[in-house]
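Peer 1:
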Amino acid sequence: MYTPERMCAVCRKRLPKEKLLRIAVNSDGVRVDFSGKLQGRGAYLCKDSACIDKCIKKRMLERILKTEVPSQIYETLQSVRNGQEKAE
38 MYTPERMCAV
48 CRKRLPKEKL
58 LRIAVNSDGV
68 RVDFSGKLQG
78 RGAYLCKDSA
88 CIDKCIKKRM
98 LERILKTEVP
108 SQIYETLQSV
118 RNGQEKAE
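Heads up, the sequence shown is in the numbering used here, so the first residue is 38 and it goes up one at a time.
#1: Would DSSP call Met-44 helix, strand or coil?
#2: Excluding the 5 residues flanking Gly-66 on each side, which residues of the same chain have their C-beta closer than 8 Å to its C-beta?
#3: Taking all protein chains shown into account, do 16 or more other C-beta atoms lie within 10 angstroms of the C-beta of Gly-79, making it buried, or fewer, making it exposed?
#4: In whole angstroms, give me the CA-to-CA distance for Cys-92 and Gly-77.
#5: Over the uninterrupted alpha helix (DSSP H) stretch that includes Arg-51, give me the two end residues.
#6: Just to confirm, is the Cβ distance from Arg-51 to Ser-86 under 7 Å?
#7: Find the nearest neighbour of Asn-63 within the set Ile-89, Cys-83, Leu-75, judged by alpha-carbon distance.
#8: Have a look at Arg-43, Tyr-39, Glu-112, Pro-53 and flag the residue whose alpha-carbon is nearest the alpha-carbon of Asp-90.
Dropping the structure here:
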């Protein structure tokens with residue numbers, strides 16, 4: 038069976054879609070898409086703490102998504118990194 042692959046926006050590794058975390062931007066704003074099914078422009082990140090740290094430190098999502106990203110999105114990513122939020 039075919040498994041869709043996506044590329045991590047930070048480390049550029051290709052991984053199965055379910056192994057990555059998606060951040061989406063649409064008319065509702067920027068959201069962490071745990072289901073992977075939200076409409077709109079999206080960016081994928083490894084669930085690896087090094088990738089999440091680099092993304093937060095350099096505020097990479099703003100360049101990738103071409104929009105301003107609220108600080109609460111970066112806080113959610115920190116929670117995922119620390120294991121407090123479920124990254125299914």
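Beta carbons are placed, not taken as given, at the ideal position from N, Cα and C, and that holds for glycine.
Peer 2: This is what the structure gives:
#1: strand
#2: Pro-107
#3: buried
#4: 20 Å
#5: Element bounds for Arg-51: not the alpha helix (DSSP H) but the beta strand (DSSP E), 51-53.
#6: no
#7: Leu-75
#8: Glu-112
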